[in-house]
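Peer 1:
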Amino acid sequence: MKKWILVLFAMLPSMAMAAAVSVPLDKANNDMSDQASLQNGAKLFMNYCFGCHAAQYQRYERVADDLGIPHDLMKENLIFDPEAKIGDLMVNAIPQTSAAAWFGAPPPDLTLVARVRGTDWLYTYLRAFYKDDSRPFGVNNYVFPSVGMPHVLEELQGIPEPVYQTKVVDGEEKQVVVGVKSDGTGELNQEEYDDAVRDLVNFLEYSGDPVKLERHTLGWWVMGFLVIFTIIVVLLKKEYWRDVH
């Protein structure tokens, strides 16, 4: 009985996350081995997200080294604080109390957001903003209704108009937002915007687990060693027991 109680408690976080998702999620299909994608994701993060959201568990230097960005280019193009050094943590200067007043809550640190939310959730969420004049920033989000965050990528996507579908909610037919369609005023077309969001999500996944690729590579080496070691042990066992039999 105790065993099953422990299993249930272990499952609660994932069950809560699953319950929070009320719309189908699109597959991010990002690739952490794509260095160009990670570099573009870092650029998008620093230009569009870092003004409000920190990545305080990362260092500029580590990001530059992992993503193949020379330190001088990192300092010139992706470090906006003139007082910051290449070895500093990636923190921003937005006052938390002011941010809470502006957005309703302090913007969360995004270092581990991909591990908490999942890449598919992030990919869908960043493409789910739609025009809603009733909201303080003029936008809403059908993945995260009543979101307090502005649509920071609007200049890339354009103004996203909501796409409605009739669904039965609480026993009544209602018009529900199930997607968005850009008005075409953005810098990118739909495919390019999806790719840009994928790059940003790719960077956020890297940020939450910088050693993932290294760990996977090391895992293959370990598996190879174990296979070779097993073969050697079997051959030795046969040699040692040959005289006995």
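FYI, in mature numbering (1 follows the signal peptide of the UniProt record, and there is no 0) the residues of the sequence shown are -18 to -1, 1 to 227.
Don't be surprised by glycine CBs; every beta carbon is placed ideally from N, CA and C.
(1) Mapping the DSSP letters down to three states, classify Thr167 as helix, strand or coil.
(2) Would you give the residue range spanned by the alpha helix (DSSP H) that residue 234 belongs to?
(3) Can you tell me whether Tyr39 is helix, strand or coil according to DSSP?
(4) In chain order, what are the residue ranges of uninterrupted beta strand (DSSP E) at least 3 long that sit wholly in the segment 113 to 145?
(5) In or out: Ala(-9) buried (at least 16 other Cβ within 10 Å) or exposed?
(6) Name the residue from Trp203, Thr106, Gly161, Ile76 whose alpha carbon lies nearest to the alpha carbon of Tyr112.
(7) Can you check which of these residues, Thr79, Pro192, Arg197, Lys163, is closest to Leu20 by C-alpha distance?
(8) For the 8 Å Cβ check, are there 3 or more pairs between the segment 183 to 192 and the segment 81 to 97?
(9) From the DSSP output, in three-state form, read off Gly206 for me.
(10) Under 8 Å between the Cβ atoms of Val183 and Val5?
(11) Starting from the N-terminal side, write out each stretch of the alpha helix (DSSP H) that is 4 residues or longer and does not extend beyond the segment 85 to 112.
Peer 2: On the basis of the supplied data:
(1) Note: Thr167 maps to coil in three-state DSSP.
(2) As shown, the chain starts at -18 and ends at 227. That puts residue 234 outside it, with no answer to give.
(3) Strand.
(4) Within the segment 113 to 145, the complete beta strand (DSSP E) runs of at least 3 residues fall at 121 to 123.
(5) Note on Ala(-9): pLDDT 38, under 50, position unreliable in the model; no value is reported.
(6) When only C-alpha atoms are compared, the closest one is Gly161.
(7) Comparing Cα-Cα distances from Leu20 to each of Thr79, Pro192, Arg197, Lys163, the minimum goes to Pro192.
(8) They touch, by the three-pair rule.
(9) Gly206: helix per DSSP, three-state reduction.
(10) Between Val183 and Val5, the C-beta spacing is not below 8 Å.
(11) Within the segment 85 to 112, the complete alpha helix (DSSP H) runs of at least 4 residues are 95 to 99, 101 to 107.
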